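Its first residue numbered 14, the sequence shown is counted upward by one per residue in my numbering. Ideal Cβ placement from N, Cα and C applies to all residues, glycine included. All figures in this text were calculated on a predicted structure; none of them were measured in a lab. What follows is one structure encoded as C-alpha cells, with my remarks underneath.
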Amino acid sequence: MKLTMRPYQNEADYWRIRNFLREIFLHNELDLNSHVALLDHWRWHYILTCQETGPVDQVTSLWETESGQIGAVLHPICHDEIHLHIHPQFRSPTLEDEIIAYAEEHHSDWYRDGQRILYVLAFADDPQRQEILSQRGFVQRAARDYHWWRDLNAPFPVAPVTPGYLIRSMGAEDELPARSWASWRAFHAEEPDENYDGDYSWYHNLQAAPLYRRDLDIVAATPEGEIAAFCTISYDDYTRSAVIVLEGTAAEHLNRNLGEALVIEGMRRLEHLGCTCLFALGSAYEEPSNAIYRSVMQGCRVAHPWTKIWVPDEG
C-alpha cells in the first residue's frame, strides 16, 4: 500500500503518533525505540531541557495512507541521529530506504571539511535495516546500545540492603533543588562544582510529561534529606509496560547498591499497577547503569549505531 510523506501539522498529530507507537509496540514488545515513553521523554526532556533538536512540529514527518492511517514516523533524537518508526504492516525495504534517504537530506548535520554526518540505529537482529544502511554507504560502529527488559510476571530479584538510606517517592517542590543536584553529581561528577548553575526548572519539564507519576519517581535519600540516587519510570497502562527514563547515583554514593534497590522497588510498584514488563536503555558509555540492569533485568536486545559521512552534492 502506497504511503505519502507529509510534515507534522498540529498538536493532534502528536497524540496520533503516540497511539501509533503503541500499536507498533504491541506488535513487537522488544522494540523499545518505539515505546511511547521515549517519545514523550524526547519531547519534554531532550527538546525542552537539553535542546537537542528543534520543536516537534519542525522536525517530525509522517507517512500515511490515502485514508490518513499512519504507517511510519520519522524524527531526530539529537542533531545528527534519527529514530524511524514503521508499522510492521507497512514495513518494506523500499519504504525504509525512502525514509532514510529523506533523513539524510533533512536530519544530517555538518561534520568537518564540508561533510555531512548522520547516525541511524540498527538492531543486531535486523538484517533488513543493516542491508539498507550498508547499501546507502553507512558503516556500523563498534559502540552498542543495550535495550534491557524484564518480565514482571516472573519472581523479582532480592533487593539489596541499603543501610543509611530511605527508599521513597520524590518529594514536593521544595525537594527539586536536591534532586537537581543529585543529577549533576551523577552525570557531571568530573566537572567543577562551580559549573553547576543551580537551575532546577528543568525538572518541571520532566514532571510535565504525560506519563510522569511521582510514585514512580523513586529516590534514595539520606537522613539529612540529601538525594543520593534516583530512578524515574514512565508507565503506559495501555501497553502495560514501563521504561526507566532517568537513573543515576551521585558519585559520592556509588557502590552501595542504591541503583539496584531503586529499580527493584520500581518493579514492585509497577506490579501493583498491572505492569507486565519493564525496559531500560543503556549505551556503551553508561557502564554504571548497564551493570545495574545486568544484575536485575532478564534479557537484552543489542543495537549498533551506523554512521554515514559524505560530501553533499553541490548541484
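Provide the residue span of the beta strand (DSSP E) that contains residue i, from first to last.
i: Y124; result: No beta strand (DSSP E) holds Y124; DSSP gives it neither H nor E.
i: L75; result: S74 to E77
i: S47; result: Neither: S47 is in no beta strand (DSSP E) and is coded neither H nor E.
i: S296; result: C290 to S296
Taking only three categories from DSSP, how would you classify residue i?
i: F103; result: coil
i: M18; result: strand
i: E94; result: strand
i: D110; result: helix
i: P385; result: The chain is shown from 14 up to 328; residue 385 falls before or after that span and cannot be answered.
i: P301; result: helix
i: R342; result: Given a span of 14 to 328 for the chain in the structure shown, any question on residue 342 remains unanswerable.
i: H120; result: coil
i: G279; result: helix
i: D228; result: helix
i: L51; result: helix
i: S308; result: helix
Which residue comes first and which comes last in the alpha helix (DSSP H) that contains residue i?
i: W323; result: Here W323 belongs to no alpha helix (DSSP H); instead the beta strand (DSSP E) covers G312 to W323.
i: D359; result: For the chain, the structure presents residues 14 to 328; residue 359 sits outside this window and is missing.
i: H58; result: It is not in any alpha helix (DSSP H) - H58 carries neither H nor E in the DSSP assignment.
i: Y216; result: W215 to A221
Could you give the C-beta distance for residue i and residue j, rounded to a whole number, given that I count them as a contact under 8 Å?
i: A85; j: I60; result: No, A85 and I60 are not in contact; Cβ-Cβ is about 21 Å, not under 8 Å.
i: Q143; j: E109; result: Q143 to E109, Cβ: 11 Å. No contact.
i: A293; j: D53; result: Not a contact, Cβ separation roughly 16 Å.
i: I231; j: I180; result: 7 Å
i: H100; j: I30; result: Not a contact, Cβ separation roughly 12 Å.
i: T73; j: H58; result: Not confirmed; about 16 Å, so no contact.
i: I240; j: A195; result: 4 Å
i: A274; j: A233; result: 7 Å
i: C313; j: V276; result: Not a contact, Cβ separation roughly 14 Å.
i: G177; j: T262; result: Contact doesn't hold; Cβ gap of about 14 Å is too wide.
i: D250; j: G279; result: Not quite, the Cβ-Cβ distance comes to about 15 Å (not below 8 Å), so this is no contact.
i: Q128; j: W323; result: 6 Å
i: L189; j: Y216; result: 5 Å
i: E77; j: R163; result: The pair is not a contact, with the Cβ atoms about 35 Å apart (cut-off 8 Å).
i: T175; j: L271; result: 6 Å
i: Y213; j: S193; result: 4 Å
i: W161; j: G295; result: 6 Å
i: H98; j: S47; result: 5 Å
i: D8; j: D158; result: Absent from the model: residue 8. The displayed extent of the chain is 14 to 328, so no value can be given.
i: L34; j: V49; result: 5 Å
i: L16; j: F136; result: Actually they are not in contact, since the Cβ atoms of L16 and F136 sit about 22 Å apart, beyond 8 Å.
Under the DSSP definition of a beta bridge, which residues are partnered with residue i?
i: A233; result: I180 and A242
i: Y248; result: A255
i: P7; result: The requested residue 7 is not part of the displayed model; the chain covers only 14 to 328.
i: E260; result: C244
i: I83; result: E77
Is there at least one non-hydrogen atom of the ligand ZN closer than 7 Å to the beta-carbon of residue i?
i: A233; result: Of ligands this structure carries none, so the ligand ZN is not represented either.
(Q) In chain order, what are the residue ranges of uninterrupted beta strand (DSSP E) at least 3 long that sit wholly in the segment 126-212? (A) List check, beta strand (DSSP E) in window: 129-136, 158-164 and 179-182.
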